[in-house]
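This report refers to the structure that appears directly beneath it.
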Amino acid sequence: MQDTLAQLERGESAIITDVSSIHIPLKLLEMGCLPGNSVKLVQLAPFHDPMYLNINGSHLAIRKETAAHILIEKVTHE
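Quick note: the sequence shown uses UniProt numbering, first residue 1, plus one each step.
In structure tokens, the structure reads:
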């Protein structure tokens, strides 16, 4: 099973691999939430929702429920 954006921990980075879900608002796609773009979890609000992200230099907050529909591949820094 592939990781989702909702599984990122604070400070972790990933590459978006798929957003082909009807649960992803068009506005997120327009703001850069597209396959191939890099994403980093900057901060979590209390109770871990919403998530504050940096996607290709743009900062945005999305609900964890929505993030669970965005597939990612985590980036490991060695």
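C-beta atoms are modelled at their ideal positions from N, C-alpha and C, and glycine is treated no differently.
Counted within 10 angstroms of its Cβ, other Cβ atoms place residue i as buried (16 or more) or exposed
i	result
Thr66	buried
Ile16	buried
Leu26	exposed
Cα-Cα separation, residue i to residue j
i	j	result
Leu60	Leu71	17 Å
Asn56	Ser38	6 Å
Beta-carbon separation (whole angstroms), residue i vs residue j, contact threshold 8 Å
i	j	result
Leu28	Ile62	7 Å
Arg6	Ala68	Per the sequence shown, the amino acid found at residue 6 is Ala instead of Arg. Rounded, the Cβ-Cβ distance is 4 Å, consistent with contact.
Lys64	Met51	6 Å
Beta-bridge pairing of residue i - partner residues as DSSP gives them
i	result
Glu65	Glu65 is not bridged to any residue.
Thr76	None, per the DSSP bridge assignment.
Completely contained beta strand (DSSP E) runs for the segment 10 to 61, where each covers 3 or more residues
Taking only runs of at least 3 residues, the beta strand (DSSP E) segments lying wholly in the segment 10 to 61 are 13 to 18, 38 to 44 and 51 to 55.
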